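Everything on this sheet refers to the single structure shown next.
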Amino acid sequence: MINKKIQQVVLESLQNFLNGNFISPCVVYDFGLLETVLDEFKNQIPVTFNYQLFYAVKANSNEKILEFLVDKIDGVDVASLSELDVAKKFFPPTQISVNGPAFSYETLYNLI
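Residue numbers (UniProt numbering): 1 to 112.
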């Protein structure tokens, strides 16, 4: 079951984090957990479904995360030129979806 497996990875990662000597706030990215979640998610979807898994760069544009995701997802979704600039470092145009509520003519021109 996905929840039990994720819970185990989270607890192990948290214990490893707590055993360290951290003196300031930080953001911890657990790529092992992320990979586990992605694998479990993909295993739960029937192979008969025709789907593509995209990551919203707006959620987090950290380049290490995008680099990690390159061979694990089908593409990324961007909603601004700055997100597009980051996404293009790791994904070809055929794997980038552009989505947003409104774009100026200048932005649309730069997107294509």
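For glycine and all other residues, C-beta sits at the position ideal for the given N, C-alpha and C.
As the structure is a prediction and not an experimental result, all values here were calculated from the model.
Taking a contact to mean a Cβ-Cβ separation below 7 angstroms, would you say residue i touches residue j in this structure?
{"i": "residue 123", "j": "V76", "result": "Nothing can be reported for residue 123, as the shown portion of the chain is limited to 1 through 112."}
What span of residues does the beta strand (DSSP E) with residue i cover, start to end?
{"i": "F54", "result": "F54 to A56"}
{"i": "V70", "result": "No beta strand (DSSP E) contains V70, which DSSP labels as neither H nor E."}
Identify, in the order they occur along the chain, each residue of the same chain with its Cβ nearer than 6 angstroms to the Cβ of residue i, setting aside the five sequence neighbours on each side.
{"i": "A87", "result": "V57, V76, V78 and I96"}
What is the residue span of the alpha helix (DSSP H) that residue i lies within?
{"i": "V98", "result": "Careful: V98 lies outside any alpha helix (DSSP H), inside the beta strand (DSSP E) at I96 to V98."}
{"i": "S80", "result": "S80 -> no alpha helix (DSSP H), and no H or E assigned at all."}
By Cβ distance, which residues of its chain are closer than 7 angstroms to residue i, with the 5 residues on each side in sequence left out?
{"i": "Q10", "result": "The displayed chain sequence assigns Val, not Gln, to residue 10. Closer than 7 angstroms at Cβ, skipping near neighbours: L33."}
{"i": "I45", "result": "Y51"}
Enumerate in chain order the residues of its own chain whose CB-to-CB distance from residue i is below 8 angstroms, with the five nearest sequence positions on each side excluded.
{"i": "T36", "result": "K5, I6 and V9"}
{"i": "V98", "result": "D77, V78, A79, L84 and L111"}
Inset, instruction - Say whether the stretch 42-55 touches the stretch 10-20, bearing in mind that this needs 3 or more beta-carbon pairs closer than 8 angstroms, one atom from each stretch. - result: No, the stretch 42-55 is not in contact with the stretch 10-20.
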